[in-house]
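Worksheet: one structure, shown below.
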Amino acid sequence: MDNFAFVIHPLNPKRDVARKYPLLAKVLPTPLIHFFSRFWPPVYLSHVVGVRSEATGTEIEGWLVACPFTARQMLQLPPRAVYKKIVETGGLAQRLGARILGLLAFTSVVGDGGVAIARRLSIPITTGRSLTVAVAVEALEEGARSKGIRPESAIAAVVGATGSIGSACAELLAPMVAELVLVGRRESRLAKTEARVREAGARLVRASTHVEDIREADMVLSATNAARPVIQPQHLKRDSVVCDVALPPDVSPRVARERDDVLVIEGGIVDVPGEVDFGFDFGLPPGKAYACMAETMVLALDGRYESYSLGRQIRIEQVREIAQLASKHGFRVSATG
Ligand SMILES: NC(=O)c1ccc[n+]([C@@H]2O[C@H](COP(=O)([O-])OP(=O)(O)OC[C@H]3O[C@@H](n4cnc5c(N)ncnc54)[C@H](OP(=O)(O)O)[C@@H]3O)[C@@H](O)[C@H]2O)c1
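Throughout the sequence shown, residue numbering follows this note's numbering, covering -17 to 319 in sequence.
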């Protein structure tokens, strides 16, 4: 049977560790979870069944394995130590018989975007970023239309526009919207994204290092790698729509409590074709998956056992190709608001 595996890791230490070790999460304070995560071995989580292509009827299986490092450890430890642990976790997937491996959340953000990890494993790797970009932009566009916003006359902002996902999303959005606001932390990197979006057909572009500058935007797409929320209620325009791709989320929970005029979509989420059972609660409702997981499943359904989205630069041709394959096999954008 065609198959795949995903590597996940704890984003919220208490909540996520409790999903596998409820007692341990109850007794250990968060700082100790961070500490022990350094020494914990890779963890087998579950067997995934029931993913079925709408196009071919083919069913595939998979496995969820966990790299124990928390998001904080992923960012603070030297990349070599992080690679080592992710490669060990990939080794576990290989021993289970996985033919392609998806790197999820910070396992794909650290270092060179999967290239060094792919070199050390003997199965192909994908970060799932290409489909994440396609799904996030489609969800934002659908969300905007549902609120009566016409993208062609709207101001759109991308927060984390210097990043791998953010810059590719900005490139896709460029010809669709009236004006684009690019928000990042470093002016030199913002200039590169600005050049990229102008070439992609952007009409008006502004770059900023202040998140406050999204205040005029009707549509916001956020994809930073910040460990804490960067978008607060006071940053958002009245009746705007926000697609939050970041894991952990960029949008503060205060926005849901204080701004019921704003539509916040958890970006990069899809409905999986078939009757999928992931065998583990990774935080989404049944039948739904992150787009980066979906990319791995799409490649397995299509028999494309090749490393796909690797490295930090996302190519728009790949974004379009994987979106087409995903649609063919029956994956649909889920606008979870
Ligand atoms: N939903 C999904 O399926 C899915 C799939 C893959 C990834 N993701 C998530 O998407 C996010 C982005 O991933 P990526 O691979 O594109 O990461 P990345 O290449 O590291 O880019 C993140 C960018 O965010 C910028 N940034 C950090 N803090 C910021 C702030 N406070 N204000 C503005 N910009 C800020 C960084 O700027 P500097 O360069 O200055 O540090 C960096 O350019 C991550 O949260 C990841 O977990 C989601």
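Glycine is no exception: its CB is placed at the ideal position from the N, C-alpha and C atoms. Here the structure is a predicted model, which means the values were calculated and not measured.
*asked:* Tell me which residue opens and which closes the alpha helix (DSSP H) that GLY32 is part of.
replied: Careful: GLY32 lies outside any alpha helix (DSSP H), inside the beta strand (DSSP E) at 25 to 34.
*Does the beta carbon of ARG62 come closer than 8 Å to any beta carbon on chain D?*
Among the chains of the structure shown, chain D does not appear; only one protein chain is present.
*For the stretch 256 to 291, list the alpha helix (DSSP H) runs that are entirely contained and at least 4 residues long, ordered along the chain.*
273 to 283
*Between the C-alpha atoms of GLU303 and LEU154, what's the straight-line distance to the nearest angstrom?*
14 Å
*ligand 1 heavy atom lying under 7 Å from the CB of LEU229*: yes
*For ALA68, which residues from the same chain have a beta carbon less than 6 Å from its beta carbon, with the 5 sequence-adjacent residues on both sides left out?*
It is Ile, not Ala, that sits at residue 68 in the sequence shown. Here the set comprises CYS49, THR89, ILE99.
*Can you give the Cα-Cα distance for VAL150 and ALA(-13), rounded to whole angstroms?*
According to the sequence provided, residue 150 is Ala. The question's Val does not apply to it. Roughly 25 Å separates the two Cα atoms.
*May I have the straight-line CA-CA distance separating ASN207 from PHE21, to the nearest angstrom?*
24 Å
*Roughly how many angstroms separate the alpha carbons of ASP263 and HIS16, rounded to a whole number?*
21 Å
*Can you find a heavy atom of ligand 1 that lies under 7 Å from the Cβ of CYS49?*
no
*What does a CB cutoff of less than 7 Å around ILE105 pick up in its chain, not counting 5 residues either side in sequence?*
GLN76, ALA80, ARG81, ILE82, LEU83
*For ligand 1, any of its heavy atoms closer than 7 Å to the Cβ of THR52?*
no
_For MET275, count the other beta carbons within 10 Å of its own beta carbon; 16 or more makes it buried, fewer makes it exposed. Which is it?_
buried
*Should SER135 go down as buried or exposed, given a rule of 16 or more other Cβ atoms within 10 Å for buried?*
exposed
*SER204 bridges to which residues according to DSSP?*
VAL141, ASP226
*Sorry if obvious, but does the Cβ on PHE88 come closer than 7 Å to a heavy atom of ligand 1?*
yes
*asked:* Is ILE147 near ligand 1 - that is, is its Cβ less than 7 Å away from at least one heavy atom of it?
replied: yes
*Among all the DSSP beta bridges, which residues are the ones paired with THR108?*
GLY84
_Given this structure, state the Cα-to-Cα distance separating GLY142 from GLN300, to the nearest angstrom._
21 Å
*Three-state secondary structure (DSSP) at VAL117?*
helix
*For ligand 1, is there a heavy atom less than 7 Å away from the beta-carbon of ASN(-6)?*
no
*Would you kindly work out how many angstroms separate the C-alpha atoms of GLY39 and VAL212, rounded to a whole number?*
42 Å
*Report whether the distance from the Cβ of VAL165 to the nearest heavy atom of ligand 1 is below 7 Å.*
yes
*Extent of the continuous beta strand (DSSP E) to which ASP94 belongs*: First-last for ASP94: undefined, no H or E at that position.
*Keeping to the same chain, check which residues put their C-beta closer than 7 Å to that of GLY269; ignore five residues upstream and five downstream.*
ASP253, VAL254, VAL258
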